[in-house]
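In terms of the working numbering, the sequence shown opens at residue 389 and continues consecutively. Just so it is clear, CB atoms sit at the ideal spot from N, CA and C, and this is done for glycine as well. Okay, structure first, notes after.
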Amino acid sequence: EVFESGALLRPDAADPNFIDLVRAVAALAGVDDLERPPNSEAMSAVIGQPEHLVFVLADGLGTHFIEDELGTESWLAQHLVQPIRSVYPSTTSAAITSLATGCWPGTHSVAGWWNYLPQLGEPIVVLPFLRLSDGARLDTSTDLTVADAIPLPPLMQRMTRDAALFQPRAIVDSAYSTYLGGNAERIPYGNLSEAVSGIA
Numbered sequence: 389e390v391f392e393s394g395a396l397l398r399p400d401a402a403d404p405n406f407i408d409l410v411r412a413v414a415a416l417a418g419v420d421d422l423e424r425p426p427n428s429e430a431m432s433a434v435i436g437q438p439e440h441l442v443f444v445l446a447d448g449l450g451t452h453f454i455e456d457e458l459g460t461e462s463w464l465a466q467h468l469v470q471p472i473r474s475v476y477p478s479t480t481s482a483a484i485t486s487l488a489t490g491c492w493p494g495t496h497s498v499a500g501w502w503n504y505l506p507q508l509g510e511p512i513v514v515l516p517f518l519r520l521s522d523g524a525r526l527d528t529s530t531d532l533t534v535a536d537a538i539p540l541p542p543l544m545q546r547m548t549r550d551a552a553l554f555q556p557r558a559i560v561d562s563a564y565s566t567y568l569g570g571n572a573e574r575i576p577y578g579n580l581s582e583a584v585s586g587i588a
């Protein structure tokens, strides 16, 4: 009933979605080996060929926040091109890993905050790359790397355009951020104002 009423949306790769957008941006940044569904091609056409391309990920910012909280006069509402569907499950870990790889969670295998890592024989906390049982950092207490948990190459490693990754100072040099960033320069920021001025 909730699906039929529209209160909840089923995941559907045929509708414009986050993976389409990630692949559109990656292709514009020079990654040329991605399967590009028509929705992704259409997004690239809308974006065009800008000299500078800034992709901002606002974790958890659904269109209902833009419509209900910010209102139709807000900058985001005025510049909204189209709503897109999230990955499923729509957890931060799944979405960030989809951003890193351009793949659905069913392919990259990160569905939530915790994941079982066969090489370790127990669960890990993926984004901070910690062992769940005792919180030990896996990048310093073992020989494991994020690539052992996510055996897919990050898109940023394959970009031919110059790229930079702006992240909060606390995580910019983490094992996961190093994996996500590939060869891109990683630039820390202390607050959102610093991020905006740094990107500008």
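Between V410 and S486, the C-beta gap is smaller than 8 Å, which places the two residues in contact. Between Y577 and R557 the beta-carbon gap is near 6 Å, inside 8 Å, which marks them as a contact. In terms of CA proximity to P477, S497 leads the group S497, W463, Q466. Under DSSP, E510 takes part in a beta bridge, and its partners are L505. Boundaries of the beta strand (DSSP E) around I575: 573-577. Separation of G586 and E429 (C-alpha to C-alpha, rounded to the nearest whole angstrom) is 30 Å. Judged by DSSP in its simplified three-state form, L518 adopts strand. Annotation: the continuous beta strand (DSSP E) that includes Q555 extends over 552-556. N405 has R473 as its beta-bridge partners, per DSSP.
Contact check for A414 and L543: beta-carbon distance about 5 Å, within the 8 Å limit, so the pair qualifies. Segment contact: the stretch 513-529 against the stretch 433-453, fewer than three CB-CB distances shorter than 8 Å; contact not assigned. Under the DSSP assignment, H467 falls outside any alpha helix (DSSP H); it carries neither an H nor an E label. Contact annotation: L540 and I575 have beta-carbon atoms that are not nearer than 8 Å.
In the three-state DSSP reduction, R424 falls in the coil class, being neither helix nor strand.
Counting the other CB atoms within 10 Å of its CB gives P506 a total below 16, which places it among the exposed residues. In this chain, the alpha helix (DSSP H) harbouring I484 covers 480-489. Per the DSSP secondary-structure output, R525 pairs in a beta bridge with L518. For G459, same chain residues with a beta-carbon under 8 Å away, outside a window of 5 residues either side, are A465 in chain order.
In the three-state reduction of the DSSP assignment, T451 falls in the helix class. Taking 8 Å as the upper bound for CB-CB distance, L568 and A488 are in contact here, some 5 Å apart.
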